[in-house]
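Below you'll find the structure, written out as structure tokens, and then a few comments.
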Amino acid sequence: MLFNSFQFAAFFIIVYTLYLLLNNKWQNRMLLVASYVFYGTWNWKFLSLIFISTTFDYICGIKIHESTEIKKRKAFLFLSILGNLSILGFFKYYNFFASSLGGLLDYFGVSVELSILNFILPVGLSFYTFKAMSYAIDIYRKEIEPARKFLDFALYVSFFPQLIAGPIEKTNQLLPQIVATRKLKLTWFYEGCYLIFWGLFQKVFIADNLARIVNPVFAGPTYNGATVLLAIYAFAFQIFCDFAGYSNIARGLGRLMGFDIMVNFRMPYFSTNPREFWQRWHISLSTWLRDYLYIPLGGNRKGVIRTCRNLFLTMLLGGLWHGAAWTFVIWGAYHGILLVLQRIFQPLIKTFSFHNIIITKIWHLIRIIFFFQVICVGWLIFRARSISQVLEMLNSLFFNFSITPDVIHMLFYFIFFIFFLLTIQIFQYIYDDLMVVLKWPTYAKTSFVLIISYLFIYVMALGEDALIGGGRDFIYFQF
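Heads up, the sequence shown is in my numbering, so the first residue is 800 and it goes up one at a time.
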């Protein structure tokens, strides 16, 4: 059941109507049932998996809290982490490691037949296992107490707006909102409607249409450097609008029900350096990696060399989190190297300052544009099917670059679908406010709604499956 489908619209109307009629206790029980129904529409067989994972972590959380001996607390924490990583490793990484090991042994002349399992990756697995692990770790650190009621914890794990693709809410952010009595606010209702409306626009109008540029080019097998460049730029905006669109819809659904779900994207392509990018892109994952991996490894507390090591390992594992493929591993390593280089050369970078405000702004703009190119190199690695494809496409950028009528057509198509996004993002960046549209005068907000509505109707008139009725999967569902 996709957010961008009529089925989900009908589902949420029913859920929201019941939500408004019930008190807090029964709202939670109804939301838990609704979340399991929502997840079951993907594949009902995996309902048992999320239930078993939830039950196991709930018990471990209680045992960690109740145990007075440090060894027992560590043992139950280890069990919780091991259980979640075992589920994640088996379903997501078994075939990857089996095929990689088989290829390595074959390279050295050792013939070993490792079976490849044919099963479907449970949607949302990476997201809800990370939420469950943070719950056990936070209890162990004595930052939170375990949920008193199993059903409240089960709702925390399976809350349907963020179940499939996040944001990855920490326990101390979401669980208290589940337990407490929620009050609906009219301002939150307006904000929720806006976030859903804008998120659908990002997904349906921008991301799904940019896919028509991206997919044919990455399908290969021959490449023109000009089309490759446009495809990389198009993918940068496609993946942003696809994932940020999902996050905005999730936040909007939460707002309508009185939940404050964290911001997951804060204008990432206005970043000027790697650290700033990860403070703006997939914020819930980068925060999780910082709190539960980077800091436990030592963070920046033990000298420059260890700090660089910790940054690199964190991003390497962050890349692997995205998928069981070497392209994701290399993409993570690429960002790790960028963060390490920034750390090393930060003192030198700080020396570049200007007293003239105009020159300072121009320099800032140049840095934004330059770093966007750096990010796009990473997106090429991320999107490619293999490392050999990355090398072939890079080769075409330098040695087979030609402007053809097809390239001109692609360029106009690309500009058309990102123009409105960039306009809104510039306003958001200037005012440093993601909700700036709601603060516009009435005539401006009305124009905003009419333009987006017209563009939705325009896409529908194309007769394609890009609009709500036949919505396409969100990219991050595969992670």
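Ideal Cβ positions, reconstructed from N, Cα and C, are used throughout, including at glycine.
All of these numbers come straight from a predicted model, not from anything done at the bench.
Under 7 Å from any heavy atom of the ligand GDP, does the C-beta of phenylalanine 810 make it? The ligand GDP is not part of this structure, which contains no ligands at all.
Start and end of the alpha helix (DSSP H) containing methionine 1234? In the DSSP assignment, methionine 1234 falls outside any alpha helix (DSSP H), carrying neither H nor E.
Close Cβ partners of aspartate 1059 (< 6 Å) along its chain, the five nearest in sequence each way excluded: Excluding positions up to five away in sequence, the list is empty.
Apply the 10 Å Cβ neighbour rule to glycine 1097 and answer buried if 16 or more other Cβ atoms are within range, or exposed otherwise. Result: exposed.
Burial state of isoleucine 1158 (16 or more Cβ within 10 Å): Sixteen is the threshold: since fewer than 16 other Cβ atoms of the shown chains lie within 10 Å of the Cβ of isoleucine 1158, the residue is exposed.
I believe serine 879 touches arginine 872 by the beta-carbon criterion, under 8 Å. Please report the beta-carbon distance rounded to the nearest angstrom. Serine 879 to arginine 872, Cβ: 11 Å. No contact.
Short Cβ contact (8 Å threshold) for alanine 1018 with glutamine 1037: Their beta carbons are not under 8 Å apart, which means alanine 1018 does not touch glutamine 1037 by this criterion.
Check whether asparagine 1194 and asparagine 1023 have beta carbons under 8 Å apart: In this structure, the beta-carbon distance from asparagine 1194 to asparagine 1023 does not fall below 8 Å.
DSSP three-state assignment for isoleucine 821, whether helix, strand or coil: The sequence shown places leucine at residue 821, rather than the isoleucine named in the question. Correct three-state label for leucine 821: coil.
Tyrosine 1133, enclosing alpha helix (DSSP H) - first and last residue: Tyrosine 1133: member of the alpha helix (DSSP H) spanning 1125-1148, first to last residue.
Just checking: is the beta-carbon of serine 1185 within a distance shorter than 8 Å of some beta-carbon in chain B? Of the protein chains in the structure, only one exists, and it is not chain B.
Quick one: grab the DSSP three-state call for threonine 1086. Note: threonine 1086 maps to helix in three-state DSSP.
Beta carbon of valine 1206, beta carbon of threonine 1026: below 8 Å? Contact check for valine 1206 against threonine 1026 passes: the beta carbons are separated by less than 8 Å.
What residue range is occupied by the uninterrupted alpha helix (DSSP H) comprising aspartate 856? In this chain, the alpha helix (DSSP H) harbouring aspartate 856 covers 846-865.
Classify aspartate 1264 as helix, strand or coil using the three-state DSSP reduction. Residue placement at aspartate 1264 is flagged as unreliable, the pLDDT there being 47, under the threshold of 50; the coordinate-derived value follows with that caveat. Reduced to three states, the DSSP call for aspartate 1264 is coil.
Any idea what DSSP makes of alanine 1059, helix, strand or coil? Correcting the residue identity first, residue 1059 is aspartate in this sequence and not alanine. Reduced to three states, the DSSP call for aspartate 1059 is coil.
Does glycine 1022 come out as helix, strand or coil in the three-state DSSP assignment? Just to set this straight, residue 1022 is tyrosine in the shown sequence, not glycine. In this structure, tyrosine 1022 counts as coil in the three-state DSSP scheme.
Compare the C-alpha of leucine 1088 against each of Asn894, Ser933, Asn803 and Tyr835 and name the closest. Among Asn894, Ser933, Asn803 and Tyr835, the Cα nearest to that of leucine 1088 belongs to Ser933.
Roughly how many whole angstroms lie between the Cα atoms of histidine 1154 and glutamine 1145? Those two C-alpha atoms are separated by around 20 Å.
Can you find the residues in the same chain that come closer than 8 Å, C-beta to C-beta, to tyrosine 989, ignoring five residues on each side of it along the sequence? Leu1237.
My output table needs one value for asparagine 842: the three-state DSSP class, helix, strand or coil. In this structure, DSSP gives asparagine 842 a state outside helix and strand, which the three-state scheme calls coil.
Serine 1185 in three-state terms, based on DSSP: Serine 1185 falls in the coil class under three-state DSSP.
Under three-state DSSP, which class holds aspartate 1272? Assigned with DSSP and collapsed to three states, aspartate 1272 falls in coil, not helix or strand.
Please work out which residues of its chain come closer than 7 Å, Cβ to Cβ, to leucine 1119, disregarding the five sequence neighbours upstream and downstream, and give them in chain order. These residues qualify, in order along the chain: Phe1127, Val1128 and Gly1131.
To the nearest angstrom, how far is the alpha carbon of isoleucine 1048 from that of lysine 870? The C-alpha of lysine 870 is placed about 43 Å away from the C-alpha of isoleucine 1048.
Using CA coordinates, which residue listed in Leu820, Phe952 and His1208 is at the minimum distance from leucine 1029? The option with the nearest alpha carbon to leucine 1029 is His1208.
Member of Arg1184, Leu881 and Pro960 whose CA lies at the smallest distance from the CA of leucine 830: Nearest to leucine 830 by C-alpha distance, out of Arg1184, Leu881 and Pro960, is Pro960.
When the Cα atoms are used, what is the spatial distance from methionine 1234 to phenylalanine 1216? Approximately 21 Å between the Cα atoms of the pair.
For leucine 817, which residues from the same chain have a beta carbon less than 6 Å from its beta carbon, with the 5 sequence-adjacent residues on both sides left out? Met829, listed in sequence order.
Alpha-carbon spacing of alanine 1265 relative to isoleucine 1251, whole angstroms: In this predicted model, alanine 1265 has a pLDDT of only 43, less than 50, meaning its place in the structure is not dependable; the value taken from the coordinates is given anyway. Near 15 Å, if we compare the C-alpha coordinates of isoleucine 1251 and alanine 1265.
Compare the Cα-Cα distances from glycine 923 to each of Val956, Asn894 and Gly998 and report the closest residue. For glycine 923, the closest C-alpha among the options Val956, Asn894 and Gly998 is that of Val956.
Alanine 1123 and lysine 948: beta carbons closer than 8 Å? Lysine 948 is positioned such that its CB atom lies no closer than 8 Å to that of alanine 1123.
Rank Thr853, Ile813 and Leu820 by C-alpha distance to the C-alpha of phenylalanine 837 and give the top, closest one. The shortest C-alpha separation from phenylalanine 837 is found at Ile813.
Can you tell me which of the three DSSP states glutamine 806 falls into? The three-state secondary structure of glutamine 806, taken from DSSP, is helix.
By a C-beta neighbour count over all protein chains shown, 10 Å radius and 16 as the cutoff for buried, is tryptophan 1178 buried or exposed? Label assigned to tryptophan 1178: buried.
Could you name the residues of the same chain whose beta carbon sits closer than 8 Å to that of glycine 1268, not counting the 5 residues immediately before and after it, in chain order? With a pLDDT of only 37 at glycine 1268, under 50, the local geometry of the prediction cannot be trusted, and the value read off the model is given with reservation. Contacts found: Ser804 and Phe805.
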